[in-house]
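Notes follow once the structure below has been shown.
2 protein chains.
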Amino acid sequence: MSAEVARPATMIDVARKAGVSYQTVSRVVNQHASVAPATRARVLEAIRELEYLPNGAARNLVTRRSRTVGIVSFGTTYYGPSQMLANIEFSFRERAYGLTLATLTELGFDDLQSAVRELRSRSVDGIVMIAPILRVDVDGIRRLCGKVPFVMVDIALGGRLPSVLIDQRYGGMLAARHLLELGHREIAEITGPLDWSGAELRHDGALAVLGEAGLAPVMSAAGDWSAASGYRAAARLLESGARFTALLASNDQMALGAMRALRERGLRIPEDVSVVGFDDVPESAYFEPPLTTVRQDFASLGRASAAYLIDLIEQGATPLNQRVLSPELIARSSTRQRGVGTC
Amino acid sequence: MSAEVARPATMIDVARKAGVSYQTVSRVVNQHASVAPATRARVLEAIRELEYLPNGAARNLVTRRSRTVGIVSFGTTYYGPSQMLANIEFSFRERAYGLTLATLTELGFDDLQSAVRELRSRSVDGIVMIAPILRVDVDGIRRLCGKVPFVMVDIALGGRLPSVLIDQRYGGMLAARHLLELGHREIAEITGPLDWSGAELRHDGALAVLGEAGLAPVMSAAGDWSAASGYRAAARLLESGARFTALLASNDQMALGAMRALRERGLRIPEDVSVVGFDDVPESAYFEPPLTTVRQDFASLGRASAAYLIDLIEQGATPLNQRVLSPELIARSSTRQRGVGTC
DNA sequence: CGGTATGATGTGAGCGTTCACAACTACTCG
DNA sequence: CGAGTAGTTGTGAACGCTCACATCATACCG
Numbered sequence: 018m019s020a021e022v023a024r025p026a027t028m029i030d031v032a033r034k035a036g037v038s039y040q041t042v043s044r045v046v047n048q049h050a051s052v053a054p055a056t057r058a059r060v061l062e063a064i065r066e067l068e069y070l071p072n073g074a075a076r077n078l079v080t081r082r083s084r085t086v087g088i089v090s091f092g093t094t095y096y097g098p099s100q101m102l103a104n105i106e107f108s109f110r111e112r113a114y115g116l117t118l119a120t121l122t123e124l125g126f127d128d129l130q131s132a133v134r135e136l137r138s139r140s141v142d143g144i145v146m147i148a149p150i151l152r153v154d155v156d157g158i159r160r161l162c163g164k165v166p167f168v169m170v171d172i173a174l175g176g177r178l179p180s181v182l183i184d185q186r187y188g189g190m191l192a193a194r195h196l197l198e199l200g201h202r203e204i205a206e207i208t209g210p211l212d213w214s215g216a217e218l219r220h221d222g223a224l225a226v227l228g229e230a231g232l233a234p235v236m237s238a239a240g241d242w243s244a245a246s247g248y249r250a251a252a253r254l255l256e257s258g259a260r261f262t263a264l265l266a267s268n269d270q271m272a273l274g275a276m277r278a279l280r281e282r283g284l285r286i287p288e289d290v291s292v293v294g295f296d297d298v299p300e301s302a303y304f305e306p307p308l309t310t311v312r313q314d315f316a317s318l319g320r321a322s323a324a325y326l327i328d329l330i331e332q333g334a335t336p337l338n339q340r341v342l343s344p345e346l347i348a349r350s351s352t353r354q355r356g357v358g359t360c
Numbered sequence: 018m019s020a021e022v023a024r025p026a027t028m029i030d031v032a033r034k035a036g037v038s039y040q041t042v043s044r045v046v047n048q049h050a051s052v053a054p055a056t057r058a059r060v061l062e063a064i065r066e067l068e069y070l071p072n073g074a075a076r077n078l079v080t081r082r083s084r085t086v087g088i089v090s091f092g093t094t095y096y097g098p099s100q101m102l103a104n105i106e107f108s109f110r111e112r113a114y115g116l117t118l119a120t121l122t123e124l125g126f127d128d129l130q131s132a133v134r135e136l137r138s139r140s141v142d143g144i145v146m147i148a149p150i151l152r153v154d155v156d157g158i159r160r161l162c163g164k165v166p167f168v169m170v171d172i173a174l175g176g177r178l179p180s181v182l183i184d185q186r187y188g189g190m191l192a193a194r195h196l197l198e199l200g201h202r203e204i205a206e207i208t209g210p211l212d213w214s215g216a217e218l219r220h221d222g223a224l225a226v227l228g229e230a231g232l233a234p235v236m237s238a239a240g241d242w243s244a245a246s247g248y249r250a251a252a253r254l255l256e257s258g259a260r261f262t263a264l265l266a267s268n269d270q271m272a273l274g275a276m277r278a279l280r281e282r283g284l285r286i287p288e289d290v291s292v293v294g295f296d297d298v299p300e301s302a303y304f305e306p307p308l309t310t311v312r313q314d315f316a317s318l319g320r321a322s323a324a325y326l327i328d329l330i331e332q333g334a335t336p337l338n339q340r341v342l343s344p345e346l347i348a349r350s351s352t353r354q355r356g357v358g359t360c
């Protein structure tokens, strides 16, 4: 009998239909106790008939909470960031938090600032930053977030801000140590773009381990994470005339590109050159040859980040700290004892 | 002199500070014309000092718009979905739309329904569904979305719902035709999980082309998109004793896994077996050998989806239709004329 | 059986904004 | 010089919900 209204049904419409007050409807919707079973049933029926959907904006306005977290991310077309995003997202969903995205187009503080502002104006309950920027203005970020709890992902800040990360410096060390243990002394390196903190840290770790052994990379070239850039970097390395028996690539894609470049010059892997990657993308076990690499467990990272932020949101202040996960060396066939040819 | 308040500043605080009415502040914030330059300056100054941030919830409540679109996605750890998500996201950001995510954990209508409900209660202005589900309940989805405009991405519905897609069936045809042109007659196939519409369509396209030539795949095995599953599928193919000179894989990762399995059995690519992939992941040019594949242009797909949905949001009803992009065959070294050995 | 705890429901107010409208300048022009 | 007009500012109401409190009935206790 009632005319089909253009507006979506409101709580008052439901209340009228069910013959109760709007407050009772609110109680049913929010699963409050003290609603008589019969009343609840009547209300639920009205909700169904009117296709009532609670208006989140109104609710946020009055409660000042949204059960939504904001994610600031960067470079989500790359494997690492996209995996972090997907896993973090999944973990929040499990805990019934909604997600709002703010992707940066470049790695600068200005972009970061407007992203955080936007998220805050959407009244998120917390913020996750997957922003692998190198120079972090610790106080700037704290000021930016104000009272909104936040967690930095994948960035080493020595506990100066709440953060969850995989120790990439250690990963770089693992890779370098592996090559040293195999007897390599002439080691070349393909780094990622050095304004990414991950790239810097991996490089740093490798450098430290080589340094301890009184060594240094025979040469270093920077790529942009892509296989194509790995190919070009390796080509540059070879053309420079540098001699090396092992190559450290800062991610698996660049390692793949580099292996192709090496092979095209008639170098065999691992007989002539050992190659180590980073990330352990699911494909790397199927490369030719299967790639020795450093695994990063993005699923655990996602879970840990979500758990940490939810703690911050729901328990309030915790002692400021960082949670660190360790990467792991996965030895496959792209590395071998120095100077040992095919059997 | 004023006490530092716990609450974030509101429009009224700003108004008081600037000695104007809240409405004037609103005008400044929303860049309305007819505000005297001097007043505007005073207001902006007050905003800066109080670190005022507009409350999005309040704004949404009264305007019934949020300049936010919801994205329903699935399988964002996979290459295709993650690229679609990243590119769609980027395109919306360019047009100053915020994004809210709802990821499905499984491909069912129930999950889809609760995802859409959640997005609607967050009062999104529109919805993008990257849900490569096979069976789509067209009316169900239309009912679910109600008055909220939406666009389906990457799913062929024959124009029954607004959709943007890459013609994957045609992609399957391209791959198969390429192999036929090279003289192959015994063709095996590794499909994706057949409850993904993309997997089904690629398979379908290939089947159609082979059928026209009076052929059919000598054997078919299903994978789950991963390189590991491609490896296992190829192993199954080989163990079955089936003879084939070419292999059609439904994505590049499975092709990679398959190539490894073939090589382990002593088969050379492309001399003994030609292999075609699908997607053209950036790495596939660096596989061993570089992979012939079917390219999908996810950036264009993202742009087209965003543009379409924004049209729908801002212009209102357009003639129901679908926008179709064509994939493209990228011939590399993993395919070759049948029966022509190494030179 | 009066008084009190308990459960179920309703009422008023306010969250921070925008919209529609009103009102007040100061200027222009015949 | 008075009417008209454009530009600038202010006022009241409403958006849909939750919170704090008030109210009412029912049950329980000695």
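Residue numbers (the numbering used here), protein chains in the order written: chain A, 18 to 360; chain B, 18 to 360. The beta-carbon is built from N, C-alpha and C at its ideal position, and this holds for glycine as well. Quantities reported herein were computed from a predicted structural model and do not represent experimental measurements.
When DSSP states are grouped into helix, strand and coil, B:F107 belongs to the helix group. Nearest CB-CB separation between B:E300 and chain A: below the 8 Å threshold.
The stretch 179-199 of chain B makes contact with the stretch 330-349 of chain B, as at least three CB pairs between them are under 8 Å.
Straight through space, the alpha carbons of B:E135 and B:A316 are spaced by roughly 27 Å.
Against chain B, a Cβ distance below 9 Å from A:E135 picks out G73 and G115. Annotation note: the stretch 176-235 of chain A contains the following uninterrupted alpha helix (DSSP H) runs of length 4 or greater, listed N- to C-terminal: 185-198 and 214-229.
A:D328 sits in a helix when the DSSP states are folded into three classes. With a contact defined as Cβ atoms closer than 8 Å, B:L67 and B:V45 miss out at about 13 Å. Using a 10 angstroms sphere on the CB of B:E123, the tally of other CB atoms stays under 16, which defines it as exposed. Excluding the 5 residues flanking it on each side, A:L121 has same chain C-beta neighbours closer than 8 Å at V89, S90, F91, D128, L129, A132 and A148, in chain order. Put simply, of A:L232, A:G209 and A:G215 the residue whose alpha carbon is nearest the alpha carbon of A:D241 is A:G209. CA-CA distance, B:G231 to B:A205, rounds to 15 Å.
Residue pairing by DSSP puts B:A119 in a beta bridge opposite B:V89.
Between the beta-carbon of A:C162 and that of A:I144 there is about 6 Å, and that keeps the pair under the 8 Å contact cut. Of the candidates B:E256, B:R260, B:D289 and B:S243, the residue whose Cα lies closest to the Cα of B:L273 is B:S243.
For A:D212 and B:I286, the gap between their C-alpha atoms comes out near 39 Å. Secondary structure at B:Q339: strand, using DSSP grouped into helix, strand and coil. The stretch 153-160 of chain B and the stretch 319-330 of chain B do not touch, with fewer than 3 CB-CB distances between them shorter than 8 Å.
B:A55 counts as exposed, since fewer than 16 other beta carbons sit within 10 angstroms of its beta carbon.
In terms of Cβ geometry, B:V168 and B:V141 do not form a close pair [threshold 8 Å]. Taken atom to atom, the span from the alpha-carbon of B:A75 to that of A:L78 is near 6 Å.
In the structure shown, A:R312 adopts extended strand secondary structure according to DSSP, grouped into three states. Within 8 Å of the CB of A:L273, the CB atoms of chain B belong to E300, Y303 and F304, in sequence order along the chain.
Sorting B:S351, B:R139 and B:R260 by C-alpha distance to the C-alpha of B:S301 places B:S351 at the top. Inter-segment contact for the stretch 302-314 of chain B and the stretch 278-294 of chain B is present: three or more beta-carbon pairs are separated by less than 8 Å. Around B:A50, the same chain offers no residue with a beta carbon nearer than 7 Å, after the five sequence neighbours per side are excluded. At a C-beta separation below 9 Å, B:Q270 has these neighbours in chain A: P299, E300 and Y303. A:R253 and A:A245 have their C-alpha atoms some 12 Å from each other. Taking C-beta separations shorter than 7 Å and ignoring five residues to either side along the sequence, the partners of B:G247 in its chain run I207, G240, A266, Q270, M271, A272, L273, G274 and A275, following chain order. Spatial neighbours of B:D297 in its own chain (CB-CB distance under 6 Å, excluding positions within 5 residues in sequence) are listed in chain order as T310, R312 and I347. DSSP places B:V37 outside both helix and strand once states are collapsed to three, so it counts as coil.
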